[in-house]
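Take the sequence shown: its position 370, counting from 1, is numbered 370 in my numbering, and each next residue is one higher. All C-beta atoms, glycine included, are put in the ideal place defined by N, C-alpha and C. Below is one structure, written out as structure tokens, with a few remarks after it.
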Amino acid sequence: MFDHLADSLSNVFSKLGKQKSLTEENVAVALREVRRSLLEADVALPVVRDLVEAVRDKAVGLDVIKDIDPSQQVVKIVHDELISLLSGGESSDQETQLLDIQGRKLSVIMTLGLQGSGKTTSAGKLAKRLKEYEGKKVFLASLDDRRPAAQEQLKILGDKIDVESLPIISGQGAIDIAKRAMATAEAGDYDVVILDTAGRMTADQDLMAEIKEITSIAKPHETLLVADSLTGQDAVQTAEAFHEHVGITGIILTRIDGDGRGGAALSMRAVTGKAVKFMGVGEDISAFEEFHPERIAGRILGMGDVVSLVEKAVSNIDENEALSMIEKFKKGIFDFDDLLMQMKQMQNLGGMGGVMNLLPGMRKIKKQIEDSDIDDKVIKSQEAIIRSMTKKERKNPSLVNHASRKKRIAKGAGVSVSDVNKLVQMQKQMAKMMAEMQKVQEGKGGKVGRLMKNLLGGGLDAGMPSEDELKSMAQKMRMGGGMPGMAPGQMPGMNLFGKTKTKKKKPRVRLR
Numbered sequence: 001m002f003d004h005l006a007d008s009l010s011n012v013f014s015k016l017g018k019q020k021s022l023t024e025e026n027v028a029v030a031l032r033e034v035r036r037s038l039l040e041a042d043v044a045l046p047v048v049r050d051l052v053e054a055v056r057d058k059a060v061g062l063d064v065i066k067d068i069d070p071s072q073q074v075v076k077i078v079h080d081e082l083i084s085l086l087s088g089g090e091s092s093d094q095e096t097q098l099l100d101i102q103g104r105k106l107s108v109i110m111t112l113g114l115q116g117s118g119k120t121t122s123a124g125k126l127a128k129r130l131k132e133y134e135g136k137k138v139f140l141a142s143l144d145d146r147r148p149a150a151q152e153q154l155k156i157l158g159d160k161i162d163v164e165s166l167p168i169i170s171g172q173g174a175i176d177i178a179k180r181a182m183a184t185a186e187a188g189d190y191d192v193v194i195l196d197t198a199g200r201m202t203a204d205q206d207l208m209a210e211i212k213e214i215t216s217i218a219k220p221h222e223t224l225l226v227a228d229s230l231t232g233q234d235a236v237q238t239a240e241a242f243h244e245h246v247g248i249t250g251i252i253l254t255r256i257d258g259d260g261r262g263g264a265a266l267s268m269r270a271v272t273g274k275a276v277k278f279m280g281v282g283e284d285i286s287a288f289e290e291f292h293p294e295r296i297a298g299r300i301l302g303m304g305d306v307v308s309l310v311e312k313a314v315s316n317i318d319e320n321e322a323l324s325m326i327e328k329f330k331k332g333i334f335d336f337d338d339l340l341m342q343m344k345q346m347q348n349l350g351g352m353g354g355v356m357n358l359l360p361g362m363r364k365i366k367k368q369i370e371d372s373d374i375d376d377k378v379i380k381s382q383e384a385i386i387r388s389m390t391k392k393e394r395k396n397p398s399l400v401n402h403a404s405r406k407k408r409i410a411k412g413a414g415v416s417v418s419d420v421n422k423l424v425q426m427q428k429q430m431a432k433m434m435a436e437m438q439k440v441q442e443g444k445g446g447k448v449g450r451l452m453k454n455l456l457g458g459g460l461d462a463g464m465p466s467e468d469e470l471k472s473m474a475q476k477m478r479m480g481g482g483m484p485g486m487a488p489g490q491m492p493g494m495n496l497f498g499k500t501k502t503k504k505k506k507p508r509v510r511l512r
């Protein structure tokens with residue numbers, strides 16, 4: 001998400017950082033590049049013009065703070081203006097993004113949009129989020145009487161997340177379905193009913209007329225437009241059309257994970273005046289996030305998003321597995337089963353790329369990461385190696401030191417013995433780190449131990465930091481450009497996934 005824009009802006013600010021001061025001339029050059037980067041990211045022209053002018057007014061003539069290079073000061077200005085753009089000038093607090101579903105017996109949410117925008121899937125994702133995060137009793141109803149199997153699709157999603165859906169009556173029209181859905185929801189003691197309306201290829205008059213009639217029946221408290229971010233400015237124009245004819249209260253952007261430009265996300269609020277409330281970040285039913293302007297601005301400018309990363313970890317990592325692993329760590333144990341579990345958790349967090357995008361300073365070493373072959377294919381290959389081991393070998397890593405076992409494992413995983421050796425070395429290094437963590441618990445610890453103590457804030461039993469503490473940690477990491485206690489762009493265990501370091505051999509002296 002926003003990869004192209006983030007890379008372009010990073011290059012702009014890197015050039016500006018070589019300047020000794022901020023002048024009207026060098027700011028103008030930088031802003032020309034910023035303007036070009038935003039337009040290439042498919043951001044609406046009026047939005048680009050307003051953002052660039054706002055930055056220019058604040059940057060020109062700004063006194064350069066000692067020990068902070070000019071680029072960092074301009075980054076701060078751009079960061080603030082991006083937040084203002086994404087939030088419409090309102091507070092960027094989480095409360096401003098919440099749905100209007102509190103303080104009444106039954107809240108009604110209606111989703112609408114063009115065909116193929118991901119409406120039905122988004123309705124299911126939203127139902128899951130309201131059930132698990134808000135503790136709401138949710139009811140799903142598909143009003144799509146045109147697309148084949150649309151109602152069945154929503155029912156399947158409801159069954160998957162254990163949310164009840166409206167029974168299907170063949171041949172019933174959208175208006176009658178809406179009346180039946182509201183009557184069923186009111187009688188069933190539900191907290192929230194989500195009405196998934198039919199989509200069209202274009203925002204035609206028939207579609208608008210039907211939605212208006214459904215609106216008069218259901219009287220929704222939230223009317224959410226579901227728009228495909230990959231369509232760029234088309235998504236913005238669709239939002240304008242729906243808002244003009246129906247009146248939307250918010251936007252759900254889908255396929256954000258596949259949108260390397262991000263123009264739709266940056267333009268939606270400014271053009272429609274309505275907030276982007278949620279974003280679909282993958283195909284999985286759990287790949288659904290709240291849209292936080294401050295966090296998105298941080299991602300675009302390479303500042304990372306530590307709070308979102310921790311939230312992902314909390315929601316995706318099994319608590320019992322985590323507690324079991326912590327108990328093993330305390331004893332200094334780290335075998336191949338533990339390594340496999342960590343790989344699975346990495347995949348649940350969006351893979352190596354997904355985690356890197358949320359860590360501050362990682363964009364600076366993007367090329368270095370690529371050169372080290374750190375990608376999800378490597379993790380999958382390593383997973384195959386572990387699964388080719390016997391249960392005994394997984395529990396007792398020292399057994400894998402035998403050459404015959406390595407050959408058998410390599411053959412079973414379809415890799416070379418060299419790949420097995422790299423994984424064995426990785427396990428040893430991780431086990432060493434776990435031993436350092438144990439020393440921290442005992443009040444000892446070397447270099448790695450001190451690092452882990454800094455990262456964990458007092459040890460393994462200290463508990464999860466509060467959101468304010470996470471934000472504070474994120475701010476420190478942004479200012480420093482990297483992880484606590486490490487140089488900018490570094491992270492613990494980085495070399496474990498890539499090429500192993502080798503000692504330089506002394507040149508041989510030939511005797512004549």
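*So is Glu289 buried or exposed if we call it buried at 16+ other beta carbons inside 10 Å?*
Sixteen is the threshold: when 16 or more other Cβ atoms of the shown chains lie within 10 Å of the Cβ of Glu289, as they do, the residue is buried.
_Nearest to Lys131 (by Cα), restricted to the options Gly232, Lys160, Ala241_ = Lys160
_Option nearest Gly273 by Cα separation, candidates Thr249, Glu283, Gly263, Met279_ = Nearest Cα to Gly273 within the set Thr249, Glu283, Gly263, Met279: Thr249.
_Where Asn11 falls: helix, strand or coil (DSSP)_ = helix
*Complete runs of the alpha helix (DSSP H) confined to the region 99-178 [at least 4 residues]*: 119-134, 150-160
*Can you give me the Cβ contacts of Ile177 inside the same chain, cut-off strictly under 6 Å, excluding the 5 residues immediately before and after it?*
Leu143
*Inspect the beta-carbon positions of Leu154 and Gly124 and report whether they are closer than 8 Å.*
Result yes, Cβ atoms of Leu154 and Gly124 sit closer than 8 Å.
*Asp80 - DSSP class collapsed to helix/strand/coil*: helix
*The beta strand (DSSP E) spanning Leu195 covers which residue range?*
Element bounds for Leu195: 192-196.
_Endpoints, the alpha helix (DSSP H) within which Met268 is located_ = Going by DSSP, Met268 is part of the alpha helix (DSSP H) stretching over 263-272.
*Go to Phe242, then tell me how far its alpha helix (DSSP H) extends in each direction, as first and last residue.*
233-245
*asked:* Cutting at 7 Å between CB atoms, please list the residues of its own chain near Gly118, excluding the five before and the five after it.
replied: Val226, Asp228, Thr254, Arg255, Gly280
_My output table needs one value for Pro46: the three-state DSSP class, helix, strand or coil._
helix
*asked:* What does DSSP give as the partner residue(s) for Asp228 in the beta ladder?
replied: For Asp228, the beta-bridge partners assigned by DSSP are Thr254.
_Boundaries (first-last residue) of the beta strand (DSSP E) holding Lys219_ = Premise fails: Lys219 is in no beta strand (DSSP E) and is neither H nor E.
*Enumerate in chain order the residues of its own chain whose CB-to-CB distance from Ile217 is below 8 Å, with the five nearest sequence positions on each side excluded.*
Ile175, Ala178, Lys179, Met182
*Around the C-beta of His518, are 16 or more other C-beta atoms found within 10 angstroms, so that it is buried, or is it exposed?*
The chain is shown from 1 up to 512; residue 518 falls before or after that span and cannot be answered.
*Sort Ser388, Lys380, Leu423, Ala297 by Cα distance to Arg408 and report the nearest one.*
Ser388
*Top-ranked residue by Cα proximity to Glu134, from Asp162, Gln115, Gly116, Leu99*: Leu99
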